[in-house]
Amino acid sequence: MAKPNETYTEEEQERIDAVNLRQRGERPSKICKSLGRSRMWLQKWIKRYNDSEKSNEKKWFKEESRAPKNVHRRTDLEMEQLVTTVRKSLLGGTTEDTKYRCIGAVEIQFRMHERRYTQKMRCRVCQQSNALSKKKRSGSPKEEAIHQMQV
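Quick note, in the working numbering, the sequence shown goes up one by one and the last residue is 152.
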């Protein structure tokens, strides 16, 4: 059970009270009706309480994070650094070969194919990396507008 001298949020106190009522033998339907909660809600917190008793866990009434415990499609650091390096070299555009080339996902895949990496790796790494900005394209120089009668 929870210690009486600790302070809890309203939600946590409601959970503790519901489990205490059930431990005293109160019917689940009566508990749920008085709290305005569903039977599944009550069963969830009773199960958490029972599981915590087995594992000696004291904070059974706390809300657990719903965030995934591991990232499903995480890109390894080596591949991310490779794609970032390729993209930076394309953004630089210093050589004649890269000066007028595209810098998007297709070009990065082409460069990685040249380096013998599989196409399994898409350019989500480029999207994840906010450090890279778009290449500024220099267009043709702007000339002043001339009226046709001035020609």
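We treat Cβ as the ideally placed atom computed from N, Cα and C, and that holds for glycine.
Residue i vs residue j beta-carbon contact at 9 Å
i, j, result
"residue 1", "residue 108", "The shown model of the chain, from 2 to 152, leaves out residue 1, and the question about it has no answer."
"residue 7", "residue 36", "no"
"residue 47", "residue 38", "no"
Where residue i falls, given that 16 or more other Cβ within 10 Å makes a residue buried
i, result
"residue 72", "exposed"
"residue 131", "Confidence at residue 131 is low in this model, with a pLDDT of 47, below 50, so its placement is unreliable and no value can be given for it."
"residue 75", "exposed"
"residue 117", "exposed"
"residue 112", "buried"
"residue 11", "exposed"
Contact with chain D by residue i, beta-carbon distance below 9 Å
i, result
"residue 30", "The structure shown contains no chain D; it is built from a single protein chain."
Reference residue i, options the options, closest by Cα
i, options, result
"residue 51", "93, 65, 114, 24", "24"
"residue 13", "115, 106, 49, 105", "49"
"residue 81", "9, 110, 26, 29", "110"
Check: residue i C-beta below 8 Å from any heavy atom of the ligand COA
i, result
"residue 81", "Only the bare structure without any ligand can be found here, which leaves the ligand COA out of the picture."
- With a floor of 4 residues, list each alpha helix (DSSP H) that falls wholly inside the region 14-49, ordered by position along the chain. Taking 4 residues as the shortest admissible run, the region 14-49 contains the following complete alpha helix (DSSP H) segments, listed from N- to C-terminal end: 29-36.
- Within the chosen definition, does the region 34-51 reach the region 15-24 through at least 3 CB pairs nearer than 8 Å? The answer is yes - the region 15-24 touches the region 34-51, with three or more Cβ pairs under 8 Å.
- Message: Counting beta carbon pairs with one atom in the region 54-64 and one in the region 75-89, are three or more of them shorter than 8 Å?
- Response: The region 75-89 vs the region 54-64: no contact.
- Message: Give the list of continuous alpha helix (DSSP H) stretches no shorter than 4 residues that lie fully inside the region 51-106.
- Response: The alpha helix (DSSP H) runs lying completely inside the region 51-106 and spanning 4 residues or more are 78-93, 97-100, given in chain order.
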